[in-house]
Amino acid sequence: MLTASLHSSANKKELLRLLGQFSEIEGLNKNPFLSYSWQYSWVSSLPTMPTLVTFKNDGLVVGYTLYKTKKIIPGIPIYCAFVNQLGNSAYDQVWIEFNDIICIKDFKYQCIELLINQVLKKGNVTKLTLSMCKDPKEWLQVVQHNNYRYEIDQTPGFRKPLADINSVADVLVGLSRNSRNKMNRAIRDAETTFGQLSVKKYGKSETEDFLLRMGLLHKKQWMGTSLGSGFANEYFLEHHKTLCNYFYDSVDLVEVRAGDVLLGLSYNLIHNKRVYFYCSGINSDAKRGKLKPGYVMHILLMSYYGKLGFEFYDFMAGESQYKRTLSSEEYKLYTLEIFRNSIMVSIGRYLLKNIKKLFSRPSQGSHPL
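Note that this note's numbering has the sequence shown beginning at 3, numbered continuously upward.
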């Protein structure tokens with residue numbers, strides 16, 4: 003019989019100790035974001051603790067997940083729960099993709115059903131949010147079987163298979179003719195202007211220097227935007243320092259140069275012979291005419307990882323032109339909102355939708371952009 007037990011505690015050491023029991027269970031580490039190394043590093047960075055749900059089948063652990071509840075509107079005791087997130091932009095800025103319940107595959111449906119029923123039957127929790135899930139099939143089956151109302155949204159993700167990649171030329175062959183010509187020109191300009199292209203991998207002892215240098219470049223590029231830079235966030239930094247220092251085999255810290263000139267730094271997650279491009283610091287001072295240092299960096303890295311025998315170079319989620327240009331496969335990540343079965347919740351959702359429609363309408367005489 004499958005059971006779920008909840009552990010809520012403000013004691014970080016105790017929660018980290020409990021997470022340790024999942025580190026060696028085969029079938030739980032499905033991707034870098036659901037791995038023990040990522041979850042441990044994330045919890046280590048937090049000032050407030052999520053609730054741990056442990057799933058057992060006849061006494062044997064078959065999975066777990068973390069969740070946190072948050073008031074939807076300050077001052078009103080109505081809550082939303084978040085799977086493997088806290089619902090706080092500062093604490094969640096490390097950003098989880100390929101999110102899911104963390105359990106052995108054969109028990110996934112049962113674990114999801116237990117989690118949803120446990121959470122949505124608690125007091126004033128009206129909604130459970132699962133963000134950026136690759137395969138929500140079992141979630142939707144549970145939701146529909148139990149007649150929960152739900153909303154689902156999708157975000158595109160992009161990747162490049164590396165099975166046949168052993169050189170820069172192999173990478174370029176897969177591009178459109180127009181893109182191939184542009185990238186050839188950019189590579190030629192980089193080598194003519196600065197010198198030969200090269201890739202360097204940073205060692206564990208160089209982690210601090212890498213994060214410092216990447217932070218400077220990343221903040222220069224992103225601090226003036228609405229997204230901001232995680233490198234200005236102490237919780238984001240603490241998470242990645244822990245991940246790099248304690249689980250160095252889970253990351254790859256690399257730089258691409260043209261001669262002595264840095265084109266970019268890339269922070270990649272490594273899991274099951276796949277490379278997940280997490281973030282970068284691009285040297286904007288290296289831009290010259292047709293030379294795009296970011297594009298050149300990714301092309302060099304796909305060649306580099308292909309030669310090392312990796313299977314995929316995953317740009318992950320987000321609509322960006324460089325991802326569409328350099329990838330050859332597109333997939334979807336889904337965000338699912340599951341609502342408690344309640345007349346009041348249904349009325350509240352109806353009113354909220356209409357309020358949003360009212361305020362989203364352009365004023366008379368204006369033209370929508």
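From the three backbone atoms N, C-alpha and C, an ideal C-beta is built for every residue, glycine too.
With distances taken Cα to Cα, identify the nearest neighbour of residue i among the options.
i      : options                           : result
Ala192 : Leu302, Leu177, Glu28 and Thr5    : Leu302
Ala6   : Gly296, Ile103 and Asn168         : Ile103
Ser178 : Gly22, Arg326 and Lys334          : Arg326
Asn274 : Ser25, Asn33 and Glu28            : Asn33
Glu240 : Arg342, Val201, Glu210 and Leu132 : Glu210
Leu54  : Leu17, Phe160 and Gly205          : Leu17
Gly197 : Arg259, Gln120 and Lys70          : Arg259
Ser282 : Glu236, Arg215, Ser228 and Arg182 : Arg215
Leu122 : Ser207, Ser305, Asn148 and Gly230 : Asn148
Lys222 : Leu68, Ala288, Ser46 and Ile284   : Ile284
Glu332 : Asn343, Asn270, Phe314 and Ile340 : Phe314
Phe57  : Ser37, Cys82, Ile78 and Tyr111    : Tyr111
Lys72  : Val127, Trp97, Val96 and Gly29    : Val127
Asn343 : Lys202, Lys15 and Val145          : Val145
Asp137 : Val63, Gly159, Lys202 and Asn235  : Gly159
Leu335 : Gln156, Asn247 and Met225         : Gln156
Leu218 : Pro79, Glu208, Ala234 and Ser207  : Ala234
Gly261 : Thr194, Asn247 and Glu236         : Thr194
Val63  : Ile78, Tyr248 and Gly29           : Gly29
Tyr42  : Lys14, Asn59, Asp60 and Gly61     : Lys14
Trp44  : Asn59, Pro79, Tyr81 and Ala92     : Ala92
Going by DSSP, name the residue or residues bridged to residue i.
i      : result
Asp155 : Thr337
Phe279 : Asn270
His9   : Leu54
Lys129 : Cys82 and Phe341
Ile284 : Gly266
Pro163 : Phe314
Leu20  : For Leu20, which the question treats as bridged, DSSP gives no partner whatsoever.
Arg290 : Leu293
Leu122 : Its beta-bridge partners do not exist; DSSP assigns none.
Leu4   : Asn59
What does the Cβ neighbour count give for residue i, buried or exposed, with the cut at 16 atoms within 10 Å?
i      : result
Ser10  : exposed
Ala12  : exposed
Ala188 : buried
Arg190 : exposed
Glu321 : exposed
Asp316 : buried
Gly367 : In this predicted model, Gly367 has a pLDDT of only 35, less than 50, meaning its place in the structure is not dependable enough to derive any value.
Asp251 : exposed
Glu115 : buried
Gly31  : The amino acid occupying residue 31 in the given sequence is Asn; Gly does not appear at that position. Classification of Asn31: buried, given that the 10 Å Cβ count is 16 or more.
Asp254 : buried
Gly266 : buried
Ser330 : exposed
Ala288 : buried
Ala296 : Before going further, note that residue 296 is Gly rather than Ala in the sequence given. Under this definition Gly296 is a buried residue.
Leu310 : exposed
Thr67  : buried
To the nearest angstrom, how far is it from the Cα of residue i to the Cα of residue j?
i      : j      : result
Phe312 : Gly125 : 47 Å
Leu378 : Phe100 : What the structure shows of the chain is the stretch from 3 to 371, and residue 378 is not part of that stretch, so it cannot be assessed.
Ala212 : Tyr324 : Sequence inspection shows Phe at residue 212; the Ala mentioned does not correspond to that position. Computed Cα separation, rounded: 24 Å.
Val298 : Met318 : 18 Å
Asp94  : Leu88  : 6 Å
Asp108 : Met3   : 13 Å
Glu140 : Lys294 : 42 Å
Pro52  : Thr131 : 14 Å
Tyr204 : Val175 : 29 Å
Cys135 : Tyr150 : 18 Å
Leu20  : Phe279 : 30 Å
Asn90  : Lys184 : 41 Å
Ser268 : Val277 : 11 Å
Lys129 : Ile74  : 9 Å
Pro76  : Leu229 : 23 Å
Val263 : Val256 : 14 Å
Leu271 : Glu26  : 19 Å
Gln143 : Asn86  : 20 Å
Met304 : Ala165 : 11 Å
Ile98  : Ser37  : 11 Å
Tyr69  : Glu153 : 19 Å
Ser39  : Gly65  : 15 Å
Ala171 : His220 : 29 Å
Ser384 : Phe24  : Nothing can be reported for residue 384, as the shown portion of the chain is limited to 3 through 371.
Pro163 : Gly308 : 9 Å
Asn119 : Ala83  : 12 Å
Thr227 : Val96  : 17 Å
Trp224 : Cys105 : 36 Å
Quick one: does the C-beta of residue i sit closer than 6 Å to a heavy atom of the ligand NAD?
i      : result
Arg215 : The ligand NAD is not among the ligands present in this structure, which contains no ligands whatsoever.
Answer yes or no: does any C-beta atom of chain D fall closer than 7 Å to that of residue i?
i     : result
Tyr38 : Structure shown: chain D not included; a single protein chain is present.
Next on the checklist: Runs of 3 residues minimum, wholly inside the region 293 to 340: which ones carry the beta strand (DSSP E) assignment?
Outcome noted: As far as the region 293 to 340 is concerned, its whole beta strand (DSSP E) runs of at least 3 residues are 314 to 319.
Next on the checklist: I'd like the ranges of any beta strand (DSSP E) spanning at least 3 consecutive residues and lying wholly in the region 57 to 114.
Outcome noted: Within the region 57 to 114, the complete beta strand (DSSP E) runs of at least 3 residues fall at 62 to 73 and 81 to 85.
Item to check | Whole runs of the alpha helix (DSSP H) within the region 181 to 263, excluding any shorter than 4 residues | outcome: You should have 209 to 224 and 236 to 248.
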